[in-house]
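Under this note's numbering, the first residue of the sequence shown is numbered 251, with each subsequent residue one higher.
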Amino acid sequence: MKLFECQKCGQLLYFENTRCERCGTTLGYLPSAEILSALEPKGDNLWEPLAQSGRTYIFCANAAHGVCNWMAPAEEARQFCIACQLNRTIPNLADPEQRRHWWLLEGVKHRLIYSVLRLGLALITKQDDPDKGLAFDFLADPGNETRGTASIMTGHLSGVITIDAAEADPAERERRRAGLAESYRTLPGHFRHEIGHYYWNRLFPEEAQLAAFRNRFGDERADYGQALEAYYASGPPADWRNCFVSAYASAHPWEDWAETWAHYLHIVDTMETASAFGIAPRKKVVSRSELATDLNFDPYREADFDRLIEAWLPLTYAVNSLNRSMGQPDLYPFVLSPAAIDKLRFVHEQIGQTRR
């Protein structure tokens, strides 16, 4: 994620900010320009961004609920921004707990859509294309929320990503993480994984395009239900670390793709954040050159995958060591094998081809 600057006073701004803390100016995010801008009121709920003088925008209708700071061009006459247009179902806002969960979910979803747009991927709503479009259902079970066994399944089906709103509760998410013996379970991880399933359908629409996929991930025509049943009954193979980014990736080729896709998004977004803060690990004691890196490039647009991975590995050494110094689990608790890196390269190449 980028850092931003108030165009009026120069104050450091973050992606979710709605007001400059120094000068008090109202802020709005312009997705087409990829910038958080200071705004000047123009009457009738119209705003002129200082980053794009001469144009007028309106706030997304969800700004009224405090869950969105994105804007839409006034001439488009749309009620919602490009991120909120994707919502099909939201939690019950009359329930304060569900409202809080929705605020957390929207924050993560907006960061996801930021990544999708930065990568140059096509973003189509279900309203515009019921067959190929994308939609989100944020569901909450009022009789079971954050307690007991989950009855809502987070997943993807035919362009609809369902997120169990209970996952927004840190205690419940940790309970599930421990129960499933996962080293990593986060809201961004869920969103990135599920949208990976969506883009698999978009990137491999025809049988002829699947040969390269199957060469790396396996044959996705294997029975999905049986594969998951076998995984939960017996767990991953003993040598899964040699081939997969995570244990769950070994369950089925579709899950391998979605997990690898999620890791790719972890990598490019974390590297962009590190670059924005000027973080670049430099060796101090050891002589191994792989512990030094240069982040002076745009990870979302870098064509050379080797440059990405050569920068990512020393960055993970550094941030994991920082977490351990604070008594926290590793920030990135994964070891990328050569086979897993090759799969990440494949994801990188597919995104690059789509963008071109």
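The beta carbon of each residue, even a glycine, is placed where N, CA and C say it ideally should be.
* Asked: What's the call for Ser550, buried or exposed, on a 16-neighbour Cβ count within 10 Å?
  -> The residue asked about is misnamed: residue 550 is Tyr in this sequence, not Ser. With 16 or more other Cβ atoms within 10 Å, it is buried.
* Asked: Tell me which same chain residues have a C-beta within less than 7 Å of the C-beta of Glu552, skipping the five on either side of it?
  -> Leu558
* **Euclidean distance between Cα positions of Glu284 and Gly370** => 12 Å
* In three-state terms, what does DSSP make of Asp387? -> strand
* Asked: Counting Cβ pairs closer than 8 Å, one from the stretch 435 to 444 and one from the stretch 352 to 366, do we hit at least three?
  -> Yes, the stretch 435 to 444 is in contact with the stretch 352 to 366.
* To do: Leaving aside the five residues before and after Tyr264 along the sequence, list all residues of the same chain whose C-beta is less than 6 Å from its C-beta, in chain order.
  => none
* Would you kindly work out how many angstroms separate the C-alpha atoms of Ser525 and Phe547, rounded to a whole number? => 8 Å
* Based on Cα-Cα distance, which residue from Leu277, Arg491, Trp504, Asn312 lies nearest to Tyr448? -> Cα-wise, what sits closest to Tyr448 is Trp504.
* Quick one: give me the first and last residue of the alpha helix (DSSP H) that His447 is part of. => 437 to 453
* Check His406 in the structure and name its three-state DSSP category. => In the three-state DSSP reduction, His406 falls in the strand class (E or B).
* Asked: Roughly how far, in whole angstroms, is the beta-carbon of Leu286 from the beta-carbon of Leu277, given that I think they are within contact range, below 8 Å?
  -> 6 Å
* Spatially closest choice to Leu563 from Ala418, Ile340, Met576, Met521, by CA coordinates -> Met521
* Reducing DSSP to helix, strand and coil, say where Glu290 ends up. => strand
* Under a Cβ-count criterion, where at least 16 other Cβ atoms within 10 Å of its own Cβ denotes burial, should Ala629 be classed as buried or exposed? -> Nothing about residue 629 can be reported from this structure: the residues present for the chain run from 251 to 606 only.
* Asked: Which of helix, strand or coil does DSSP assign to Glu470?
  -> Looking at Glu470 - three-state DSSP - the assignment turns out to be coil, as it is neither helix nor strand.
* Rank Trp352, Gln335, Gly293 by C-alpha distance to the C-alpha of Val317 and give the top, closest one. => The residue with the shortest Cα to Cα distance from Val317 is Trp352.
* Asked: Which same chain residues, not among the five before or five after Ala381, have their C-beta less than 8 Å away from its C-beta?
  -> Strictly speaking, residue 381 in this sequence is Asp, with Ala absent from that position. Answer for Asp381: Gly409, listed in chain order.
* **Straight-line gap, Thr412 to Gln335 (C-alpha atoms, nearest Å)** => 15 Å
* Cβ-based burial, Leu384 [other Cβ within 10 Å; buried from 16] -> Per the 10 Å Cβ criterion, buried.
* Asked: With a CB to CB cut of under 6 Å and the five nearest residues on each side skipped, what residues in its chain are close to Ile601?
  -> Sequence-distant partners of Ile601 (beyond 5 residues in either direction) whose C-beta falls short of 6 Å from its own C-beta, in its chain, are Leu369.
* Asked: Which residue comes first and which comes last in the alpha helix (DSSP H) that contains Ile591?
  -> 588 to 605
* Between Phe555 and Glu470, what straight-line distance do the alpha-carbon atoms span, to the nearest angstrom? -> Within the model, the alpha-carbon separation for Phe555 versus Glu470 is close to 25 Å.
* To do: Have a look at Pro531 and Ala497 and give me their C-alpha separation to the nearest angstrom.
  => Straight across, the Cα-Cα distance linking Pro531 with Ala497 is about 29 Å.
* To do: Buried or exposed for Asn451, please, with buried defined as at least 16 other CB atoms from any protein chain shown within 10 angstroms of its CB.
  => exposed
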